[in-house]
Every structure is written in structure tokens, then in C-alpha cells.
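Report on one structure; see the data block that follows.
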Amino acid sequence: MNQKLLVIFLQPLAMLALAITFTEQVEAQEKLLPSNMPIEKVIDHYIEASWKEKKIKPADAATDTAWIRRISLDLNGRIPTPSEAKTFAEDKDPTKKQKAIDRLIASPLHLRHQAREIETLLMNGTKGNLSEYLTKALNENRTWDRIFKDFILADETDVANKGSSEFLKNRVKDLDKLTNDVSIAFFGVNVSCAQCHDHPLVHDWKQDHFYGMKSFFSRTYEVGNFLAEKEYGVVKFLPNKGKEKQADYMFLTGKTVKPVGMTEPTKDELKKEKEMVEEWKKNKTQPTKPKTSTRAMLVEIALGKSERDFFAKAFVNQLWHRFYGFGLVMPLDQMHSENPPSHPELMNWLAQDFASNNFNIPRLVKGLVSSKVYGLSSRYEGASTPLAKDFAVARLKPLTPMQMGVSLRLAGNNFGGGATSNADLEKKLDNIDNGAKGLADQFVQPSEDFQIGVTEALFFSNSTKFQSECLPEGKDKLVTTMTTMETPEEQADLAVWSVLGRPATSDEKAVIAGYIKKHGANAQDASKQVVWSLMASPEFRFNH
Amino acid sequence: MNKIRKNYCGSTEHAVSRRQFIGSAASGIAGASLFAENALSAELKKQGKSVILLWLAGGASQLETFDPKPGAITGGPFQSIQTSTPGVRISELMPKMAARFKDTCVIRSLNTKNGDHGSASQLMMRGRKDEASLKYPDMGAVLARELGKPESQVPDYVSFYLQSEGRNFSGSGFLGARFGPMELSKSVMPENINKPDHISESDFLDRMALRDLWSKNFETGRSSGTLASHQQAFMRVHGLMESQKLFDVSKEPQKMRDMYGPTQFAEQVLIARRLAESGVPFVRVGRAWWDSHGQNFETHQELVPELDHVMATLLTDLEDRGMLKNTLVVTLSEFGRTPGINSSLGRDHFASAWSCSLSGCGVKGGSIYGKTDEKGEKVIEGEIGAARLFATIYKALGINPQKNYYVGSRPVPLTDPGTEPVQEVLA
Numbered sequence: 019m020n021q022k023l024l025v026i027f028l029q030p031l032a033m034l035a036l037a038i039t040f041t042e043q044v045e046a047q048e049k050l051l052p053s054n055m056p057i058e059k060v061i062d063h064y065i066e067a068s069w070k071e072k073k074i075k076p077a078d079a080a081t082d083t084a085w086i087r088r089i090s091l092d093l094n095g096r097i098p099t100p101s102e103a104k105t106f107a108e109d110k111d112p113t114k115k116q117k118a119i120d121r122l123i124a125s126p127l128h129l130r131h132q133a134r135e136i137e138t139l140l141m142n143g144t145k146g147n148l149s150e151y152l153t154k155a156l157n158e159n160r161t162w163d164r165i166f167k168d169f170i171l172a173d174e175t176d177v178a179n180k181g182s183s184e185f186l187k188n189r190v191k192d193l194d195k196l197t198n199d200v201s202i203a204f205f206g207v208n209v210s211c212a213q214c215h216d217h218p219l220v221h222d223w224k225q226d227h228f229y230g231m232k233s234f235f236s237r238t239y240e241v242g243n244f245l246a247e248k249e250y251g252v253v254k255f256l257p258n259k260g261k262e263k264q265a266d267y268m269f270l271t272g273k274t275v276k277p278v279g280m281t282e283p284t285k286d287e288l289k290k291e292k293e294m295v296e297e298w299k300k301n302k303t304q305p306t307k308p309k310t311s312t313r314a315m316l317v318e319i320a321l322g323k324s325e326r327d328f329f330a331k332a333f334v335n336q337l338w339h340r341f342y343g344f345g346l347v348m349p350l351d352q353m354h355s356e357n358p359p360s361h362p363e364l365m366n367w368l369a370q371d372f373a374s375n376n377f378n379i380p381r382l383v384k385g386l387v388s389s390k391v392y393g394l395s396s397r398y399e400g401a402s403t404p405l406a407k408d409f410a411v412a413r414l415k416p417l418t419p420m421q422m423g424v425s426l427r428l429a430g431n432n433f434g435g436g437a438t439s440n441a442d443l444e445k446k447l448d449n450i451d452n453g454a455k456g457l458a459d460q461f462v463q464p465s466e467d468f469q470i471g472v473t474e475a476l477f478f479s480n481s482t483k484f485q486s487e488c489l490p491e492g493k494d495k496l497v498t499t500m501t502t503m504e505t506p507e508e509q510a511d512l513a514v515w516s517v518l519g520r521p522a523t524s525d526e527k528a529v530i531a532g533y534i535k536k537h538g539a540n541a542q543d544a545s546k547q548v549v550w551s552l553m554a555s556p557e558f559r560f561n562h
Numbered sequence: 272m273n274k275i276r277k278n279y280c281g282s283t284e285h286a287v288s289r290r291q292f293i294g295s296a297a298s299g300i301a302g303a304s305l306f307a308e309n310a311l312s313a314e315l316k317k318q319g320k321s322v323i324l325l326w327l328a329g330g331a332s333q334l335e336t337f338d339p340k341p342g343a344i345t346g347g348p349f350q351s352i353q354t355s356t357p358g359v360r361i362s363e364l365m366p367k368m369a370a371r372f373k374d375t376c377v378i379r380s381l382n383t384k385n386g387d388h389g390s391a392s393q394l395m396m397r398g399r400k401d402e403a404s405l406k407y408p409d410m411g412a413v414l415a416r417e418l419g420k421p422e423s424q425v426p427d428y429v430s431f432y433l434q435s436e437g438r439n440f441s442g443s444g445f446l447g448a449r450f451g452p453m454e455l456s457k458s459v460m461p462e463n464i465n466k467p468d469h470i471s472e473s474d475f476l477d478r479m480a481l482r483d484l485w486s487k488n489f490e491t492g493r494s495s496g497t498l499a500s501h502q503q504a505f506m507r508v509h510g511l512m513e514s515q516k517l518f519d520v521s522k523e524p525q526k527m528r529d530m531y532g533p534t535q536f537a538e539q540v541l542i543a544r545r546l547a548e549s550g551v552p553f554v555r556v557g558r559a560w561w562d563s564h565g566q567n568f569e570t571h572q573e574l575v576p577e578l579d580h581v582m583a584t585l586l587t588d589l590e591d592r593g594m595l596k597n598t599l600v601v602t603l604s605e606f607g608r609t610p611g612i613n614s615s616l617g618r619d620h621f622a623s624a625w626s627c628s629l630s631g632c633g634v635k636g637g638s639i640y641g642k643t644d645e646k647g648e649k650v651i652e653g654e655i656g657a658a659r660l661f662a663t664i665y666k667a668l669g670i671n672p673q674k675n676y677y678v679g680s681r682p683v684p685l686t687d688p689g690t691e692p693v694q695e696v697l698a
């Protein structure tokens, strides 16, 4: 092979591929499992088959307390209360996991957590607040394709979609960024490289795709606080070879459409438009919608039966990554043919299942967390630890800032004493969640290969805010309740249940009891130090 | 028409093979190499090199500092003076630097094409513009990564920024929080660095030991880079708290404090020297209020002599301590100021022909690089942008400017592909 072809030039790694190659891939594969099989069974089937093939011995199943902590963090963004954890561990019902999943999904905290996670996925550092829209949309159980449509159409004249224009508004000043962000968030492909040159690996993947995607947004602009869309407009670009070129309206798969308004408007039309914009500005009114919205055309193409593979796979991969700590395709924005999934059949099955069930989010969530694979321990006793992409041992997932804030507050407020009704518990949890933002702001949103900085450790060690919010004193607070217990061993047990959601081992009890005895001059201070050490431990810092 | 962004397209020099790319993308060890060390980098870390960046926020005027044009219509009221290098003249507002010019190289030919405070600050702190989906680390984060020791008991990136103007443009980008700045924006003492009164020293250590025990238990049968960073962060706490004395300027002899002078800027620069001396690889001292759209000459008459005195004192102090060969002092803004004088007797934002200076480590002292025309309106010799300036700075410190980090499977060099350092500036 020509040496030049073997060499790629640095940038273009985060790149794209063609749906054509995806389709070929599907056809070439053996038949997928039946579509009526439960999601979790399909996951276990494909993953277990790959272990067998690679002769991998998976980790043991996680303990009940580890599992209930994991699922509470994943579905409600918080650790379990000690009584939740205890009740679950003692429950002999063989369907208890399914019941716990149903209970947690039904909780209002699930909606909030889900809204936050999707906001992080879509905004990823870009300013803007999607919570108003997302809370409403998820509460009504809107499907993922509907949510996508709402964000791209950004039509707030319908009150049901209030807040949906935040996604576009905060990006419309930079159409390159908007194009790229939409491609990453909804389709799992990073097109930024095709902005300046064609893909060096996949010959069909060209600058045309980047500018093709950009075209759909090129008619969108801001008028005052509103978004407007022109009736005309094309994108021109300078290819790295040849003369300036007009971009087609082209989706990532190469499919093109021809909207009206591909020619420049006349002077008269321009004048008329200018007057209208002035009028809208002056009256602060919502601009009139165009007869043809090219953004609506994008939505239509992307969700079309033959093109929706990108859309379905990207979300499946992102959700999989959230629960399993590692994507079926990594990195998440490089879903292309040069970078196939670790489990192609599983990916195809899940994407088809998601699409054919109308992109129902809770259904997919429930399926993903119900598998045996999800329930594996994060500790691996064997000699050589399997790779992340084998999913044979649970990944450590650093908590998000809100998970940290809520969980720290939850641990410091003793929920261990006395059973509470479900409604009462929800109310208390709601209060905890509401007040957690300030604490959450002290932490950094984890990214791939996340490195925890010393600022966080200093905050734990020396901040008065940590002291007052995470180790509060008073009736019903953890550190004070500990001092009312009869033996240091009981104190140890309460502390470990409250912070780590599991019983203390006998060794831990002995160590903590020894610590409390040594530092017993001020019982409450000793309790605080013990609780602090547990909160600052990695067992608390990670969802494991 | 769309502009073609040339800034992140490939160079053959740093190509990776297709096999390598696919191998690393598929193996699922994305980013692992971000923190891998090779022998060369380990050796560099041992040399204890540091950078002190004097960041003149708002944009200092090159005409009133390093590139005066007395007599020209754009020149303003100040004269130039002879430096210790024959034939080289700088503004008369900088007599002390003129007298000890021997360690400094002035670059007069920056054309950075961005006159907006925010994005220009980002550009001049990173050496390039962020991509839509990739946030680059700034100079401090890169140097923390390249020069900091993993087990270091001192911070590796400190940023003094007590004034509000031009704050918040730094950041560790894709390198993450581990290499982020210790920001001093409220006082010269870092936040949460002092032990709170409610716990005794021995209890503090005891509870830390208890935490350490839980950590070790948890690590059995588990490993990840993030887990390791968590442990490392707590292991560094005590050392960092010990380093709080470095931030305490009262620990310096009064004679030394008098030498630097009584201003806040001077005090911070003195602390920066204390930090560098103790192995902190990067310290930025932000000095704001250079944005002189009105009364440019009064502003510079006030600010430049302070800069002149503090900078010259710092260089002499570093030299006296034998630190200058390992410490690079950089004075930089986000841009310069217009040669044209506006009706408020001010100078506006100007990025097409401006100056900065490098002194000490790895730099050819007593020299000038680049040249602007008679009125200072454009560069006529040695034009460089942010990328080459950064490549030159990295090279001066012994760091390969084309060294790659890996973001996922994508190699990202320290400076844009193909960027060459300016050899004439280097010793």
C-alpha cells in the first residue's frame, strides 16, 4: 500500500463515517436476537458470549448494599438512606431489584437527576439552562426523538415547549460550534475536523458533510431575545483543494435535500426583510416562522427510517456509558466505521429496540440497569483485570457535583433513626436536594480520564463550609446521634451505614472504636473525625 | 464565505500511523497516555525549572514600554533611552530594565490578530484558540503537567489575580482539574490552605491516617487513574498546607521587601519568587488596569515605572540566588495598544504589531527580535503569532513544543502542528 495512505495527519481522528458502512455491517452480521426479548437478557447474552470467547472470568456479583447504592446514585443521583440499604439487604424477595428500580424511577428525584444528566450531555460547558424544558418534557415522558425535535425547532410559541430554545440560543452566534455540538450530542460524531479538510481515512467523508450539516442552521439568527429563520440561504466554503463551493443541505449519512430559497434574494426582498426585522425588534415580538424551515428538514431526515441509526445509536451509547462507566463505542463522539463498537450486535440490537419502541427513555433506562452485567462487583479478585470494554467488572464512576452535594448532605443528616413513610422520605430528600447546589459548586464535572485536583482535598480538609454543611450538629444529625449511642462499636456501625450504606466490617468497627476511645475527650469531635474520614474516602467519592 | 481555519490541520511531521490510531482507539485505553511519563520528561522535571508570568491585563502599550517611537506622530510624549545593549532603546519609563537588559529578549513583532479582551486573553494564555469541542490547557496547566512533580508538596500552578479586570480566562482545559490553577483571587493566601481552629494538629493527622486506611482497603482489587488522583490529592494536602508559609510575605527579610517595594504587585511578585524557589513550576501574577482608552500616557506613567522596578528587582534577585538560569520571566498582555492616539488621549486595542519580553532561562539576553515600522503600525520583520511565541517559551524551558498529548485517540501537540520556535530568541 502506498506509504502515504498509511499515514494520517494528526487532527482527523475524531471523525465520521458513513451510514452506508453501518448498514453493510448490519447485513454482514449474523441474525440478531429476537426483538421481543427483554433488554437486560439481551445485554447479558451478548456480553457473556464475549467473555466466553475471550475466556474472561467476570467479577462476582456486587453485594446487595453495593447494588442498592449504585442504583440509587444512577437513578436518583443520591446515596441510599441507611434504612433503604438495610431493608433492601434483608429483603428475601427474589424480585427485589426490579421493585427497587421501579420505586426509584417513580421518585421525583429520578426526573430531576435525569434532567440534570441530559442537560450535562447537551450543554457540556455551554451556558444555558435547559432544566425548565427538560423537567416538563421528562415529566410528561416525552420520547427522545420528540425532545430532539423540540430543541432543534425551538418553537416556544407552543407553551408546552417553553425553554426549548435555550439549546440553540446559546450557540446561534457560532454556527460552527452549533453544527458540531448538534452532531456530537445527538449523533455521536465530531465533525469539527471536516471543517478544514476531508477525512483522510474514509474517502467518502468530506468537508461537504460538515458544511452540509451547517447549512441546516445557516438560516437561523437572533432577533432580540428570539430566534428567527430566513426563507433563503446557502453555505459557501473554500475546500482545501479547488475553488469556493456551495454546500448541499446534507445530513451526516450523505443524504441531501433541496429546500426552496437556494438563490440569493432580490434587493426588494432584502429590503422587506430588513424592515420586518426592525419591526420585530421594535415590538419585541416573536418573528414570523418561515414557510420552509431547514431545521425542520434536518429533524425529518435525521429521524427518517433509513437514516435514524446515528440518532438511536448515539443515545444508546451515551446512556450505556452513564450506567456502565464506559461506552460501547469510545470516545463517545467517534461513532464511525473505523471505530466500531466493542459489541456490535448488542449495539445494533439496542439501537433497533430503542427506535422501534419510539425512543422511549424510561424503557431503555430500566432495561440497561436490570442486567446481571450492570450488577457486577467493581472489585476484581482475579489475576489480570479485564479491560473496560469487556464489561466484566463494574467501572468506578466518579460522582457528579450534584451527586456529591446531595449525598454529602444526606449522609450528614441522619436518616438512620426510625423508619419514615415513603412520602415523608421523599419530602426530606427533596429538601436535601434543594439545598445541595452550593456544595455541588465545590466539585468539578467529571470527564473521561478525570483527575481529581488538590483543591477538592483542601476543601474537605479545611473548609468551614464543609464542616457546617456536611458535619452538622444537632438533634437527628449524624455526628450528634452517634454520641448518644452506648458503645463505640454501635457508633461505628451507624457512621458506616450512613456514609457508605453498608454494615461496618469487624475490623472497621475495631479501628473506629479504637479511634473514638483515643479521642473521646470530646465525643462529638471524635464522631466528626470518623465521619469525615468516611466521607473523604474513595468509597464515598465513587459510584462503585 | 467561511474562513478556513488553518490552526488545527495536520502536519506530516507529527503524523501517526493509521495502525497506531486504530489500535489506540479500539483498545479502550483512551487518554491513558496523557499521564504516561517517559525518561526525557522525568529528567526535565528534576531540573526544577519555573516560569513567572507577569500578566499585564487589559493590554499594556508597546509604545510606552518595549517599542517606543519618539518623534513619530504616533510616539506620544515619552522619549526612549539607551539600554545596556548598544543600539537597543526602550521607553524612558523603564530605566531600570534598560540598565539590566542583559538577561532579557524583547519580541517586537507579535501579530496575534485578535483585539477582543476575552478571546485574546484566552489566545495569549493558551497559544491558540479553543476548538468547538476541545478546550486547550493554558500555559500554566501545560507547565504544571510538564515541570511539576507528581508527589510534589507544593502547588504546581499558582495564579494571583486580585483585580477583577481580565480574570477567569485561564484554565486547564482537557488536562483537567489536576493541573488547574490554585487561584488567589481574594487574598494572597490560598483558600482552605490553613488548618481550621476547630481541630488540633494531631487530630488532623489522625483523621487523615484513618482516611488513608479506608482508601487502601478500597483500592484492593480496584484501579483507575481517577482513583489514583483522589488518593494523590489527599496525600498532597499536608505538604500544601506546609507551603502556606511560602505565601506569607512577612517571612521575607524586611530588606528584601523594601527592595521590591510596598505595592501589591511587588508583594505578589516577591511571593512568586518564593514559590519558584520552592519548586512551584508556574506562577502568574496578574496586574490589571492597563486598558487605557483614555489618558493612556498618565496611565502608563503610573504603571510602567512600577513594572520596571519590580521586574528589574525580580531579575536581579533571581540572579543573586542563582535561579535565573532555571527561571523564565515572561511579561505578556492579551494585546498591545494602537499607535494612533484617540481624542481622549488614549490608545485602543491593537493586536497587529506589539511586544512582549522573555528573560532568564533559555533566552538570548540583551537582544531584540522583530521590528515594526516607523510609526509602529505594522510588523516589518520577524512577524510571529501566539503559536510561535508559545513554542519558543516551551523550547526555552527544554520542552518539545510538538510533544503530543492524547485526547482519546487523538494526538494533540503542545503547540499547533508544525509550529517552530523562534531560534533567534533562544540562547
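Chains as they are written, first to last, in our numbering: chain A, 19 to 562; chain P, 272 to 698. No residue lacks a Cβ here, since even glycine has one placed at the ideal position from N, Cα and C.
Original post:
Checking contacts by CB at 8 Å: is residue 561(P) closer than that to chain A?
Top reply: Taking the first residue of the second sequence as 1, we reach residue 561(P) at position 290. It does not: the Cβ of residue 561(P) has no partner Cβ on chain A nearer than 8 Å.
**OP:** Anything in the stretch 440-473 of chain A with a Cβ closer than 8 Å to a Cβ of chain P? List those residues in chain order, please.
**Re:** Here the close residues are 462, 464, 465, 466, 467, 468, 469, 470, 471, 472 and 473.
Original post:
Shorter than 8 Å from the beta carbon of residue 235(A) to some beta carbon of chain P?
Top reply: One-based indexing of the first sequence puts residue 235(A) at position 217. Residue 235(A) does not count as touching chain P.
Original post:
Which of the three DSSP states, helix, strand or coil, is assigned to residue 460(P)?
Top reply: Translated into positions along the second sequence, residue 460(P) becomes position 189. Here residue 460(P) sits in coil by DSSP.
**OP:** Hey, could you find the ends of the beta strand (DSSP E) residue 675(P) is sitting in?
**Re:** The residue labelled residue 675(P) in the question sits at position 404 within the second sequence. Element bounds for residue 675(P): 675-678.
**OP:** Rounded to whole angstroms, what's the CA-CA distance from residue 458(P) to residue 429(P)? Just pull it up for me.
**Re:** Position 187 of the second sequence, counted from the start, is the residue given in the question as residue 458(P). Position 158 of the second sequence, counted from the start, is the residue given in the question as residue 429(P). One alpha carbon belongs to residue 458(P), the other to residue 429(P), and they sit about 13 Å apart.
**OP:** Reducing DSSP to helix, strand and coil, say where residue 554(P) ends up.
**Re:** Taking the first residue of the second sequence as position 1, residue 554(P) is located at position 283. It is a strand residue.
Subject >> Separation of residue 561(P) from residue 697(P), as counted between CA atoms >> reply: The count along the second sequence starts at 1 and reaches residue 697(P) at position 426. The count along the second sequence starts at 1 and reaches residue 561(P) at position 290. Roughly 28 Å between the two C-alpha positions.
Original post:
Can a CB atom of chain A be found closer than 8 Å to the CB of residue 388(P)?
Top reply: The count along the second sequence starts at 1 and reaches residue 388(P) at position 117. Not an interface residue.
Original post:
Who are the near neighbours of residue 256(A) in its chain, counting only those whose CB is closer than 8 Å to its CB and skipping five residues on each side?
Top reply: Against the first sequence, residue 256(A) aligns to sequence position 238. Cβ neighbours of residue 256(A) beyond the five flanking positions: 262 and 263.
Original post:
Does the beta carbon of residue 554(A) sit closer than 8 Å to a beta carbon anywhere in chain P?
Top reply: As a working mapping, residue 554(A) is identified with position 536 in the first sequence. At least one C-beta of chain P is nearer than 8 Å to the C-beta of residue 554(A).
**OP:** Tell me, to the nearest whole angstrom, how far the beta carbon of residue 615(P) is from that of residue 564(P); I am working on the premise that it is less than 8 Å.
**Re:** Along the second sequence, one-based indexing puts residue 615(P) at 344. Along the second sequence, one-based indexing puts residue 564(P) at 293. Confirmed, Cβ separation roughly 7 Å.
Subject >> Between the CA atoms of residue 520(A) and residue 107(A) - distance to the nearest angstrom >> reply: Here the question's residue 107(A) lines up with position 89 in the first sequence. Here the question's residue 520(A) lines up with position 502 in the first sequence. Residue 107(A) and residue 520(A) have their C-alpha atoms roughly 9 Å apart.
**OP:** Using a Cβ cut-off of 8 Å (strictly closer), state whether residue 17(A) contacts chain P.
**Re:** Nothing in the structure corresponds to residue 17(A), since chain A is present only between 19 and 562.
**OP:** Please list the residues of the stretch 382-398 of chain A that have a C-beta atom closer than 7 Å to any C-beta atom in chain P, keeping them in chain order.
**Re:** So the close ones are 396, 397 and 398.
Original post:
In whole angstroms, what is the alpha-carbon distance linking residue 535(P) and residue 558(P)?
Top reply: Here the question's residue 535(P) lines up with position 264 in the second sequence. Here the question's residue 558(P) lines up with position 287 in the second sequence. Going by the C-alpha atoms only, they are around 9 Å apart.
Original post:
Under the three-state reduction of DSSP, which class applies to residue 104(A): helix, strand or coil?
Top reply: For this step, residue 104(A) is matched to residue 86 along the first sequence. In the structure shown, residue 104(A) sits in a helix (DSSP, three-state: H, G or I).
Original post:
Is the Cβ of residue 467(P) closer than 8 Å to any Cβ of chain A?
Top reply: Mapped onto the second sequence, residue 467(P) falls at position 196. Closer than 8 Å: yes.
Original post:
Can you tell which of 431(A), 258(A) and 517(A) has its C-alpha closest to the C-alpha of residue 490(A)?
Top reply: Looking up residue 490(A) in the first sequence gives position 472. Scanning 431(A), 258(A) and 517(A) for the CA closest to the CA of residue 490(A) turns up 431(A).
Original post:
Could one say the Cβ of residue 350(P) lies closer than 8 Å to chain A's Cβ atoms, at least one of them?
Top reply: Within the second sequence, the letter at position 79 stands for residue 350(P). Judged by the 8 Å Cβ criterion, residue 350(P) is not in contact with chain A.
Original post:
DSSP state of residue 83(A), grouped into three classes?
Top reply: The sequence position of residue 83(A) within the first sequence is 65, counting from 1. Helix at residue 83(A).
Original post:
Near residue 167(A), which residues of its chain fall below 7 Å by C-beta distance, leaving aside the five closest residues on each side in sequence?
Top reply: The sequence position of residue 167(A) within the first sequence is 149, counting from 1. 317, listed in sequence order.
Subject >> residue 265(A) versus residue 321(A) - alpha carbon distance >> reply: Indexing the first sequence from 1 puts residue 265(A) at position 247. Indexing the first sequence from 1 puts residue 321(A) at position 303. Distance between the alpha carbons of residue 265(A) and residue 321(A): 22 Å.
**OP:** Starting from the Cα of residue 305(A), find the closest Cα among 345(A), 392(A) and 241(A) and give me that residue.
**Re:** For this step, residue 305(A) is matched to residue 287 along the first sequence. Checked all of 345(A), 392(A) and 241(A); the closest Cα to residue 305(A) is 241(A).
Original post:
For residue 655(P), which beta-bridge partners are listed by DSSP?
Top reply: The residue given as residue 655(P) occupies position 384 in the second sequence. In DSSP, residue 655(P) forms a bridge with 381(P).
Original post:
Helix, strand or coil for residue 263(A) per DSSP?
Top reply: Start at 1 with the first residue of the first sequence, and residue 263(A) comes out as number 245. Shown here, residue 263(A) sits in a strand according to DSSP, grouped into three states.
Original post:
Leaving out five residues before and five after residue 190(A) in sequence, what residues of the same chain have Cβ atoms less than 7 Å from its Cβ?
Top reply: The residue labelled residue 190(A) in the question sits at position 172 within the first sequence. Here the set comprises 196, 238, 239, 240 and 245.
Subject >> Counted within 10 angstroms of its Cβ, other Cβ atoms place residue 474(A) as buried (16 or more) or exposed >> reply: As a working note, residue 474(A) is residue 456 in the first sequence. Here residue 474(A) is buried. Its C-beta has 16 or more other C-beta atoms within 10 Å.
Original post:
Is residue 127(A) closer than 8 Å to residue 451(A) when the C-beta atoms are compared?
Top reply: Reading the first sequence from its first residue, position 433 is the one you call residue 451(A). Reading the first sequence from its first residue, position 109 is the one you call residue 127(A). Yes.
Subject >> Minimum Cβ-Cβ distance from residue 537(A) to chain P less than 8 Å >> reply: For the purposes of this step, residue 537(A) is taken as the residue at position 519 of the first sequence. Closer than 8 Å to some Cβ of chain P, the Cβ of residue 537(A) qualifies, so yes.
Original post:
Is DSSP giving residue 231(A) helix, strand or coil here?
Top reply: Numbered from 1 along the first sequence, position 213 holds the residue referred to as residue 231(A). Helix.
Original post:
How about the stretch 469-480 of chain P and the stretch 544-556 of chain A: do they share at least three Cβ pairs that are nearer than 8 Å?
Top reply: Inter-segment contact for the stretch 469-480 of chain P and the stretch 544-556 of chain A is present: three or more beta-carbon pairs are separated by less than 8 Å.
**OP:** Give the residues from the stretch 400-428 of chain A that approach chain P closer than 8 Å (Cβ to any Cβ), ordered along the chain.
**Re:** Cβ contacts with chain P come from 403, 405, 406, 407, 413, 414 and 416.
**OP:** Report yes if the CB atom of residue 377(P) is closer than 8 Å to the CB atom of residue 549(P), and no otherwise.
**Re:** Locating residue 377(P) in the second sequence gives position 106, counting from the first residue. Locating residue 549(P) in the second sequence gives position 278, counting from the first residue. No; because the gap between Cβ atoms is not below 8 Å, this pair is not in contact.
Original post:
Which residue or residues does DSSP assign as beta-bridge partners of residue 254(A)?
Top reply: Along the first sequence, read from residue 1 onward, the residue named residue 254(A) stands at position 236. Assignment of beta-bridge partners to residue 254(A) by DSSP yields 264(A).
Subject >> Simplified DSSP assignment, three categories, for residue 293(A) >> reply: Stepping through the first sequence from its first residue, residue 293(A) is reached at position 275. Note: residue 293(A) maps to helix in three-state DSSP.
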